[in-house]
Structure formats: structure tokens, C-alpha cells
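Notes to accompany the following structure.
Numbering (my numbering), first residue to last: 1449 to 1960.
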């Protein structure tokens, strides 16, 4: 019996190592190679005709130009404020609420109600930008200070909701292991904080929707600067130097976050007798109702904007493109996340570190565009799907934390997979809705209007005032029907994911 147990543990470790190696190799190809190319690019004067290898070497000239630029200190400061500082309060508040909701919570129903706090995140980022801009008026973006506050409120709210869920669910799982809810909730909060540290100088593509030339003073970050000077102004090498500088400046924050989270995960390896204290679901129920109410209020507010409808010939093809792109990206990411999940079975901490490292390579816009161009994936459905797929690595860290809380080393493989399945499906649902509402990768890689998806249609409406083109028709044209399609689909995916999460959530103590 003992030999059989040792053999199973050895086989399990080999399986985890093999799965981790595959994820690491794939991540090295699609994230590591563009990062390496960005470093080479930054030391050259890149010329598209001559290519990366044939372009002339200029040494540190691009870095000298960056550090001497009067805009550099400003964009670094904005990046810190909108990155880590903008998320700090949201993480602290979300962690405190998650702990409060989990303190007396237990069971599948409580888990489902906690998962309701993710429902606002199933609404894509572009819809939040749409609601903020058209709800408050475009004038709010003309004042730099107001524009910053609006963006911080939107991005902070999403971080807050995710922290509530992860802190709360870790509290429930921690109590099953005999730990206090406070210590377990701290692990969930620490995971979100570590992610914020790993991307301390990074911003969401949503930020560009809030930008106008009049608010660059407070809204221009390293990421938006990289895109503008690289792909809009054609200064590829200078843009690559900016990205690599950002990555180096972010590296100490990444190390701090990784060490912090590794320590917190180590403290939860020891399993104690589970607490016999009776728990109810009233706090989790109240929190879940509030989260659902907030989501419905946001959705109703969204549908009141631009009450007219776009003609079918404008949105039918984008709708088909959105369905195809989301399905393709979901299938690819599902395989990658399944492999990552297997790696977490025996090595959750190592897997978490890999997730943080791969996540730090995201946002490398110019070099990634050139890499996908070399692979002839420009103006294809596969290109944006692959790019979006690797942006999903940000979900790896909370998945590794959940795996560590479920004590996968002791449970048989089949049982452990059943325990992790609700988290896998929930995070896959989050990823699918992120791709459904994503437009950044498509905007960079696609110039063919026939491949345009719904989010890019909404972005063009926001930026160019498409209604002007139809002013002579005498019709009250708006985007109510497109907003309905863009928001209802992800909300349905979110509702299904949350129901499945609650139904499949482990019912009994996970230790064997």
C-alpha cells in the first residue's frame, strides 16, 4: 500500500512537471520571444523593409532619447498612480469585505453567492467605458483630474469585485483546512495584490478609451505611450526601448509580489482539524444580492444610452466574427489553462511564479505585433485569438492559489480534478467574456473591415461619431441593439458560470 502511494505521488509529480514545462515552453514562444525581440529592437533603428536583423545598430541611442524626454517622468508617474496606487485601496477594501462575508459562510450556496461578486466583471471593459463616457458626458474627459478619477473609479471597482470573491472563497476553503478565515482571506487578498505589484506600471487597454489630447497630463501611461509612438508614429525601436525600460522598472515590484504570495501560500500548506463551528450563509447571501443588484443597475443604465438601433447590415458580420473569435480563443485557452491546472497539483507555488512572470511580459505591443506579423497572423482570426489567449495568463495566479487551498497533493487525481473543476469553469467563463469584449488585439492585428468584431464597432462609434454618417437619413440611429448583444451574451455566460461554480463546489472537506 505504501509503495503504491509513493508510486502515485511520483507519477503525479511527473505529470505536474510535464504540464508546467509545456506551459512554460508555449509561454516562452508567444510571450518570451517577443520580449527578447523587443530587447534587440531597442538597440536598433528598426526599418520594416530591412527587418529586425538587417536594421542598423544604434546602441543605447533609444534609451538616451527616452531618459532625456520631458514626457518620461510624467508617464512614469501616471503609470504608478493608475497602476499600483490606483488598485491599492480597491484591494484593501475588497479583501476586508471578502473576509467579512466568509467569516460565517460555508457550503456551496455561500460559494455561489460569493461568486456573484464576479458578475460585474463579466461585463466587458469597453462597456464600462461606454457607460462612463456617455453617462457622464464626454466633457468629463476634457478635465485631466476628472478623467483620472473616472478611470480610477471604473478600474478600481473591477479590482474590488475580484478581490471580494477571491478573499471570500479562500476564507471558506481555509476554514475547511482548520485555518482561520482571516489568514485564509489574507491569501486571496495577497494574490490580487501580487498581481497588482507584478503589473505596477501597466494599465488596461480600456484606458485609451478615456484618453483625449487634453488629458494626457494625467492619463498618458507607459503602455499608451508605447502604443502611440510605436504603432501610430512608426518609432518601433524607441517604443521597444520604452517597454523594456518599463519591464525593468516593474521587476522589483514583481519580485516583492512573488515573495509575498509564496510566503502566504507556504503558511497554508499545513492542514489542521477542521473547525466544528456552525456557519450560515446570510452574509454571503446579502453580498451576492448586492453584487447582482449592482450588475443589473449597470446593465439597465447601459441600455438607456443611444436608444436608437444600428441597421443589421452593420452588426451582423461583426456578431459572427465575435462568436468565431471567442470560440477559437476559448478552445485554445481552455487547453492551456487545463495544462496549467495540472501543474498546480503538486507545484502550486512554482506554477504561481510562472504565471506572474508570464503576466509581466504582457503589454509588449510593438514587438508582439511584429512577431505575429512574422507568423503571417495579421488579418486572420487566429492572430487576435492567440494574443488574447496569452493575455489570459493573469488568471493563472488565482487559479494556483485555489489549487494550493484544495490540497491537491493528498487527494487522488480524479477527486482533485473534480474539486478544481468549478474554478476552471468559472475562470474560463471570465476569459470568454473578456475575449468577447476585447478589441485591442483586433485593432492592432486587423486592418480588414470584414473581420471587425462587435467591440471594435462600438469603439469606432465612440471615437468617430458614426451617427453623423446617417444624419441625413432622418432616423434616430444609436447602438442599443449592439449594446444589448455585447452585454447580454457575457452576462448569460457569467450567470451560467456562477451557477455551475456553486453546483460543483466541493461539498466536503478536501483532505483525504
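The C-beta atom is built at its ideal place from N, Cα and C for all residues, glycine as well. The model shown is predicted, which means the values in this text are computed figures rather than measured ones.
Secondary structure in the region 1609-1658: the alpha helix (DSSP H) runs of 4 residues or longer, each lying completely within the stretch, are 1629-1646, 1655-1658 in chain order.
By the beta-carbon neighbour count (other beta carbons within 10 angstroms, threshold 16), residue 1680 is exposed.
Apart from the 5 residues on each side of it in sequence, residue 1774 sits with its Cβ closer than 7 angstroms to the Cβ of 1880, 1883, 1884 in its chain, given in chain order. Beta-bridge analysis with DSSP links residue 1492 to 1505. Only residues of its own chain outside the window of five on either side were considered, and among them 1464, 1467, 1468, 1471, 1799 have a CB closer than 7 angstroms to the CB of residue 1791, listed in chain order.
Taken in chain order, the whole beta strand (DSSP E) runs of length 3 or more contained in the region 1535-1591 number zero. With respect to the C-alpha of residue 1926, the residue from 1908, 1943, 1938 having the closest C-alpha is 1908. Straight across, the Cα-Cα distance linking residue 1759 with residue 1936 is about 19 angstroms. Rounded to whole angstroms, residue 1531 and residue 1698 show a C-alpha spacing of 11 angstroms. For residue 1887, the three-state secondary structure derived from DSSP is coil. When the beta-carbon positions are compared, residue 1554 and residue 1620 come within less than 8 angstroms of each other. If you check the CB distance, residue 1854 and residue 1945 do not come in under 8 angstroms. Pairing residue 1795 with residue 1549, the inter-Cα distance amounts to about 29 angstroms. Residue nearest to residue 1649 within the set 1932, 1811, 1894 is 1811 (criterion: CA-CA distance).
The C-alpha of residue 1849 lies about 18 angstroms from the C-alpha of residue 1544. Setting aside the 5 residues that flank it on each side, residue 1861 is surrounded in the same chain by 1460, each with a C-beta closer than 7 angstroms to its C-beta; the list follows chain order. Check the Cα spacing between residue 1933 and each of 1910, 1901, 1818: the tightest is with 1901. Annotation for residue 1763: 1902, 1905, 1929, 1930, 1933 place their beta carbon closer than 8 angstroms to its own, counting only its chain and skipping 5 residues before and after. Taken in chain order, no unbroken stretch of beta strand (DSSP E) lies wholly in the region 1730-1794 with a span of 3 residues or more.
Rounded to the nearest whole angstrom, the CA to CA distance from residue 1819 to residue 1482 is 6 angstroms. Sorting 1493, 1510, 1508 by C-alpha distance to the C-alpha of residue 1502 places 1493 at the top. Closest in alpha carbon position to residue 1582, among 1940, 1658, 1639, 1591, is 1658. Each of 1642, 1715, 1690, 1676 was checked against the Cα of residue 1628, and the nearest Cα belongs to 1715.
Each of 1609, 1595, 1562, 1586 was checked against the Cα of residue 1569, and the nearest Cα belongs to 1609. Buried is the label assigned to residue 1485, since at least 16 other Cβ atoms lie within 10 Å of its Cβ.
With the rule of 3 Cβ pairs closer than 8 angstroms, the region 1557-1573 does not count as touching the region 1694-1709. In this structure, the straight-line span from the alpha carbon of residue 1869 to that of residue 1749 is close to 34 angstroms.
Residue burial annotation: residue 1645 is buried, with at least 16 other C-beta atoms found within 10 angstroms of its C-beta.
The beta-carbon separation of residue 1789 and residue 1851, rounded to 7 angstroms, stays under the 8 angstroms limit for a contact.
By the CB criterion at 8 angstroms, residue 1743 and residue 1571 fall inside the cutoff. Rounded to the nearest whole angstrom, the C-alpha separation of residue 1664 and residue 1592 is 7 angstroms. Residue 1563 has its alpha-carbon roughly 15 angstroms from the corresponding atom of residue 1605.
The residue from 1770, 1730, 1479, 1823 with its alpha-carbon nearest to that of residue 1552 is 1730. Here residue 1534 has 1600, 1603, 1604 as same chain residues with Cβ atoms under 7 angstroms from its own Cβ, once five neighbours each way along the sequence are excluded.
Of the candidates 1733, 1643, 1678, 1752, 1643 places its Cα closest to the Cα of residue 1704. Here the alpha carbon of residue 1953 sits roughly 7 angstroms from the alpha carbon of residue 1867.
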